[in-house]
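Residue 14 is where the sequence shown starts when you use my numbering, and the numbers rise one by one after that. Below is one structure; the comments refer to it alone.
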Amino acid sequence: MKKTSPGSVRRAFQPWSDPAAKPLVAFQGVTKRFGEVTAVGDLSLALYPREFFALLGPSGCGKTTLMRMLAGFETPDAGTILLDGQDITGIPPHLRPINMMFQSYALFPHLSVANNIAYGLKREGLPRAEIDRRVEEMLALVKLSGLGGRKPHQLSGGQRQRVALARSLAKRPKLLLLDEPMAALDKKLREQTQFELMDLQSELGLTFMVVTHDQDEAMTMADRMAVMDHGKLVQIGPPDVIYEAPANRHVAEFVGDINIFEGRIAAVKGELVRAEVPHVGIVELDEDAPALKPGEPLVVGIRPEKIEIAHDEPGQAVNKVAGEIWDIGYLGDFTMIQVMLGGEGGQLVKVALANRTRRMARPFAWDDKVWLSWDVEAGVVLPP
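Following this line, the structure appears as C-alpha cells:
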C-alpha cells in the first residue's frame, strides 16, 4: 500500500484500473514447456510502474518459471515479453535492466559486504568514485552503514538479506525480482522485513515482483497479487479482493483459512440466496448471482473470523447451527476453535476467536455444546 504525506488526500494506487496507463512489463500469450509438462500456458499479464506485485501459488504452479522467463534465464516456447514497450523475449539476462534477488542470497563468501554490493557495478566498468558512492548509498539505504568491511559469515540472516537487496538495487534496475526472499528468516524477522521492503520500494519508486508461496507475505506487501495454479493465472487483484471475493474454491482454500459448505440451492429471490446444506440446514446468503437457479449444487465459503460462537442460541441470527467443540488451539492473538456439526462424521467448522484482553478468561472448553452464527454477507459462493 502506497503512503501519502501527512494531511494529504489518500488516493488509491490502482494504475491497472486506468485504461490510459502503460504497463512496465507485459506477458503476451507466453507458454513454457519442459518436455511433456506445460509449466506456463498461454499466459498474459501486465505489471505497472511503481507497483509491488506478488505472484502466489503452490509448488509447481509455474510462478518461478514465469519469473525466470522475465529475468531471461528461461526462453518462452511461445509468446512475447515486453519491458517498457520493448520486446525482450530473446535478450540475454545481463542486457536486461532487471535484477533478481535469489532465495539463497548468493553472496560471495570471500568478498566483503562492500565488494559484494560493488560486484555488478565493477562488471559494468563504472568509475571507482561512482562505485564507492553507490555502495555507500546502498549501505545507508538498507541500514548497514559501517558494516561494509565485514564478510557475509559475520552478519546475521537479516543483514545478509539486506546485502543481497543492496547489491540488486545498486545497478538501478527498472524492475527487481524477488524469489522467495524471506524463506530463510525466522517469523519475527520475516514480518519486520516485509514492512522494510514495502517502505524501501515506496521510497525508491521502483517496480518489485515477488514470488512466494507464503500467502501472508504476499497479502502484506503487495499492491496487487496473482494466484497461479497449473501454469495458469486463476485470479489477479488487490489482496483484500482476493481474500474476500475469491474467484473459485482453489483460491479460497489457498489464500487464508476458510470453511467450505457444499449444498443445493433452495430458492433465489433478488440478491438473497437460500441453500440447503447438510448438517447445517437452511443457509441464507446475500449474493448478487443472477445465474444461480433453485435445485443446482452450491459451494459456499465462510472465513473463520466471520463466524460468531456462543453457549446460548442467538435469538436474532438468520444463520445459526448447534455443534460441539472438537478442538481448541491457542495461537496468541487469537484462538482457533473447531466445532463439529451433526455429531461424529459430520462437518468440522473453524471459528477464529480474537483474544482482545490480556486476562481474558477461556470461555470455551472441549466438548462444550455451542451455537455458531454468521451474517448473510459472511459467505461467498464459490465456483468449483
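Virtual Cβ for every residue (Gly too), placed ideally from N, Cα, C.
Check each candidate in the options and name the one with the smallest Cα separation from residue i.
i                : options                        : result
isoleucine 111   : Val247, Gly73, Ala183, Val264  : Ala183
valine 268       : Thr88, Pro251, Leu354          : Pro251
glutamate 357    : Arg316, Trp339, Leu298         : Trp339
histidine 123    : Pro140, Glu150, Arg163, Ser117 : Arg163
leucine 305      : Gly328, Glu318, Pro291, Ile278 : Ile278
phenylalanine 86 : Arg180, Pro105, Trp384         : Pro105
leucine 198      : Asp97, Ser169, Ala52           : Ser169
tryptophan 384   : Lys333, Ala374, Asp346         : Lys333
Can you look up residue i in the DSSP assignment and give me helix, strand or coil?
i                : result
proline 310      : strand
glutamate 204    : helix
methionine 114   : strand
tyrosine 61      : coil
phenylalanine 40 : strand
aspartate 299    : strand
alanine 265      : helix
glutamate 390    : coil
asparagine 368   : coil
alanine 197      : coil
lysine 76        : helix
alanine 179      : helix
glutamine 329    : coil
leucine 9        : Residue coverage of the chain in this structure runs from 14 to 397, which leaves residue 9 outside it and unanswerable.
glutamine 27     : coil
threonine 102    : coil
Does residue i pass the burial test, meaning 16 or more other C-beta atoms within 10 Å, or should it be called exposed?
i                 : result
glutamate 284     : exposed
lysine 16         : Note on lysine 16: pLDDT 46, under 50, position unreliable in the model; the coordinate value appears next. Per the 10 Å Cβ criterion, exposed.
valine 293        : buried
glycine 218       : exposed
alanine 34        : exposed
serine 21         : In this predicted model, serine 21 has a pLDDT of only 35, less than 50, meaning its place in the structure is not dependable; the value taken from the coordinates is given anyway. Serine 21 comes out exposed.
tryptophan 387    : buried
glutamate 64      : buried
aspartate 100     : exposed
phenylalanine 274 : buried
If the criterion is Cβ atoms closer than 9 angstroms, does the pair residue i and residue j meet it?
i             : j              : result
valine 312    : valine 247     : no
isoleucine 94 : glutamine 41   : yes
valine 43     : alanine 91     : yes
histidine 226 : serine 72      : yes
valine 155    : tyrosine 118   : no
valine 352    : leucine 361    : yes
aspartate 299 : valine 286     : yes
proline 317   : asparagine 272 : yes
Can you round the beta-carbon distance between residue i and residue j to whole angstroms, since I take them to be within the 8 angstroms contact cut?
i              : j                 : result
isoleucine 322 : valine 364        : 5 angstroms
isoleucine 341 : phenylalanine 377 : 7 angstroms
methionine 222 : leucine 190       : 5 angstroms
proline 36     : leucine 60        : 6 angstroms
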